[in-house]
Structure formats: C-alpha cells, structure tokens
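Input: a single structure, listed below in structure tokens.
Residue numbers (this note's numbering), protein chains in the order written: chain A, 81 to 372; chain B, 3 to 124.
Here is the structure:
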C-alpha cells in the first residue's frame, strides 16, 4: 500500500509505513528523511541546479563522503558504477549493500531532485524504490499540492512556507502569500480525547484561538464532508509593517475545524490577511472536502 | 560521570518495560483512576534520620486517562515494540507518533519509580 507525498516541486507515491523522521523545509533546498521501525529507509532532497549534473561524479562524491565506513566504497571508481533509468530518474549504484542515489533535473523550477536509498539490492527493486521513482509527477503550475504528515491541500504557488512544527500527533504548517501577505495555517491533531478533554469543538477552538493571542468573533456549528465541524471568525494583531508597529488588528480571520472520528484526528484550516485581501475558498484548498 | 549508552532503535524496541514489583496499585476514589503507592527508600545517614523523625516512607501517585492505560498495558512480558503497536492501534496513531508519546509516558513512570525497563543483553 502506498500514500501520496506532495511537496514543493514533486509528487510521489511512497510506502504507507514510511514516516518522515527528519526534515528541513525550505523551497530553495532541503530534504525529507523516511524511516520505519526497521530504521532509515531513504531520503529525498532538492536543491537549485541550472544544468543537468554529472550523475556518476555525484555518486562517487556521495559514496566517499557519506559511507566512508564501507571499505568497498573507497575502492569504487567511476568504472565500477552502474547506471540505469527509472522513469525520469537516473539511478547510480556501486553494487549490492551500498547506499545509492537516483537523480532527476526539473527544467522548469531549475531544481535537482535526488533520492538516497539505504541499500542497493536488485532482488527487491521492484517492491521498493522502482515504484517510488516511477510514480513521480511534477508539482508545477500556479497551484501547488501539499500532501505531508497526514495533511493534503492545495495553495497558490506564491504562498511560501513560513513555519512548520511537527510534534507527536500535533502538526502545524503555516504559509504566507508573497503577494498579499495573507497567512494560511494548517493543523492536525491526534488523540482527540486528550486534545478536547471532554469539551465540544465550539468550546475547545475559541479557547485555542485565545491562547494564540486572537480575539474570537463568531463560532458556528457546521458539517464538513459529514464530519462534525465549526466555523469561526477571529482577529489578531497585524503581522506586517505599520499594522504590526501600530498594533492594528487584522479582522478578517476565518477558520474551519473538523473532527474526523474514524481517523481520530482533528483538522484545522485558518486564514487571516491584511484588510481588503480576498481569502482563499475552502473548496479551492481542500479539493476533496465539501463544507456546509 | 559515565556517559549513558544510547540504545539503537532495535534494542529500544526489544526492551521490556516492567512494573515495580514493590509498587501496589488500587482503584482510586474517582472513577477511572488508579492509585500507585511506592515505598521510599532512604540511603546512608538519611536512613537513620527518616526512622528517627518518622519521615514519610511511601509516596502515592494517581494515574488516570492515558497514564493509567499505559501502566495497565505493561505486564512485564510485552516488548516496547508490542506496546507501541497496541498504543498506536488504540489511538490510531502512526508507529513513530505512538513511540514518541509512549516514551514520554513511560519516562514519567520511570522517573517516579513505578516502571523500569529491562534491556536484553546482545
């Protein structure tokens, strides 16, 4: 079974048991590391790259720089490397048991996407990395899709990642529009019994907003995709320039909070922006969910 | 001070949490709670002082909710990995989410002397 990973400039289908255990999250360059209970499985990284790099040279540098405890790696020369294509990726390995790479150059965003897998073994390629590499889809255009840490949403490309906090069963990802300075925040909580502590959503969420320094306006019960939900309006101190300096509030905050009892998760989508800025529609951001 | 060895993931998962045998657990006055009583042991000079001054020799902790659930799931036979899987299934969490949360709770119970961890020698 697989699940979707969508981030910045790429989309993949990865094994459902793979979890992100380390991350650095900058559009320019970064990486995500995946592990299971058996340990490290792979990482995917991205970095700026104007032209297609020499894969063999990259692979040799990688082996010598990162697997120096492998005696064989020191003896590997460019003649020992084997390369072949999986979809748009070019893989390069130096034999069984050694970590190996797969790289592809994305022309449009001028990015190099590379995967590093734990250990090469031809016998399991078809079950492990081959399907991952072949599942690649570009994440291009005016709308970017994000599928990570159990969240799945779309945002205009100009919304840049501002902040991300990943705690056990508690994820927060915040974006800000470069054009309008609007902020969009996504939250996902597990263990809803502990989060709510017996409170209904319409009592919990205003308390939560006030704890974030917001002033709560209206709170209405609602339904989202047949799930118990609430919609709230709020205001908070402006976050930019004179609004921040003068303490002028942004008053157009909108939030949707819904409780998926099957999954035992609570989701939240918050937006706030300078006065006069149009906020995104819920249906644009969450294509698969319908709110009432 | 001797640096404590960090366990590899495999070793950690194979370890077995065990209840302190000297700790007694009884249902608390409030429904859904458990009262765990630990014997306090004073060492050296404090041993004499505690007897002379009749200092408190027991400490009680009230466990409820997830803390109670974690304590009751520890039977001295299930490995940490099995406890994680059970915890994850109960709360519909991923493996690493359950591991992180369970570790926090077990750490608290260990600090209070209610639970200890047995590590298999490799």
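Ideal Cβ placement from N, Cα and C applies to all residues, glycine included.
Rounded to the nearest angstrom, what separates residue 271 (chain A) and residue 347 (chain A) at their Cα positions? 12 Å
Residue 80 (chain B) and residue 36 (chain B) - do their beta-carbons sit closer together than 8 Å? No, these two residues do not count as a Cβ contact at 8 Å.
Is it buried or exposed, residue 164 (chain A), if we count other Cβ atoms within 10 angstroms and call 16 or more buried? exposed
Between the alpha carbons of residue 182 (chain A) and residue 118 (chain A), how many angstroms are there, rounded? Approximately 22 Å between the Cα atoms of the pair.
Against chain A, which members of the region 40-68 of chain B pass a CB distance test of less than 8 Å? The residues in question are 67 and 68.
Are the C-beta of residue 35 (chain B) and some C-beta of chain A separated by less than 8 Å? no
Would you say residue 109 (chain B) reaches chain A, if we count a Cβ-Cβ gap shorter than 8 Å as a contact? Not a single C-beta of chain A is nearer than 8 Å to the C-beta of residue 109 (chain B).
Identify whether residue 132 (chain A) lies in helix, strand or coil by the three-state DSSP scheme. coil
Just list the alpha helix (DSSP H) runs in the region 14-71 of chain B, keeping only unbroken ones of 4 residues or longer that don't cross its boundaries, in chain order. 47-55
Distance, residue 94 (chain B) Cα to residue 197 (chain A) Cα: Rounded to whole angstroms, residue 197 (chain A) to residue 94 (chain B) spans 28 Å at the Cα level.
Please state the DSSP three-state secondary structure of residue 73 (chain B). helix
So residue 129 (chain A) packs on residue 192 (chain A), CB below 8 Å; how close in whole Å? 4 Å
Report the rounded CA-to-CA distance for residue 253 (chain A) versus residue 225 (chain A), giving the unit in angstroms. So the alpha carbons of these two residues sit roughly 14 Å apart.
Considering only the beta carbon of each residue, do residue 339 (chain A) and residue 247 (chain A) sit closer than 8 Å? no
Proximity of residue 237 (chain A) and residue 228 (chain A) at Cβ, strictly below 8 Å: no
What are the uninterrupted segments assigned as alpha helix (DSSP H) that are 4 or more residues long and contained completely in the region 273-336 of chain A, given in chain order? 281-291 and 321-326
Can you give me the start and stop residues for the beta strand (DSSP E) that residue 351 (chain A) sits inside? 345-352
Members of the region 103-119 of chain A that neighbour chain B once the beta carbon cut-off is set at 9 Å: The residues in question are 115, 116, 117, 118 and 119.
Going by alpha carbons, who is nearest to residue 117 (chain B) out of B:67, B:72, B:15 and B:10? B:72
Name the chain A residues that come within less than 8 Å of residue 97 (chain B), Cβ to Cβ? 97, 99, 116 and 117
Those residues which DSSP pairs with residue 169 (chain A) across a bridge: A:166
Could you give the distance in angstroms between the alpha-carbon of residue 209 (chain A) and the alpha-carbon of residue 167 (chain A)? 11 Å
So with CB distances below 9 Å, who are the chain B contacts of residue 344 (chain A)? 93, 94 and 95
Close-in-space but distant-in-sequence residues of the same chain around residue 293 (chain A) (CB under 8 Å, 5 per side omitted): 316 and 317
Return the CA-CA distance between residue 161 (chain A) and residue 173 (chain A), expressed in angstroms with no decimal places. 6 Å
Is there a Cβ from chain A that is less than 8 Å from the Cβ of residue 102 (chain B)? A Cβ of chain A is located within less than 8 Å of the beta carbon of residue 102 (chain B).
Just to confirm the assignment: which complete beta strand (DSSP E) runs, minimum length 3, are found wholly within the region 167-229 of chain A? 169-173, 180-186, 191-197 and 223-228
Could you run through the region 249-280 of chain A and flag, in chain order, every residue whose CB is less than 7 Å away from some CB of chain B? 249, 270, 271 and 274
Same chain only: Cβ atoms within 6 Å of residue 127 (chain A), ignoring 5 sequence neighbours per side: The answer, listed in chain order, is 109 and 192.
Using beta carbons (cut-off 8 Å, strictly below), is residue 9 (chain B) in contact with chain A? no
Continuous alpha helix (DSSP H) stretch holding residue 106 (chain B): start and end: 97-113
Could you check which residue in A:337, A:199, A:102 and A:116 has the C-alpha nearest to that of residue 269 (chain A)? A:337
Under three-state DSSP, which class holds residue 109 (chain A)? Residue state for residue 109 (chain A) is assigned as coil, using DSSP reduced to three classes.
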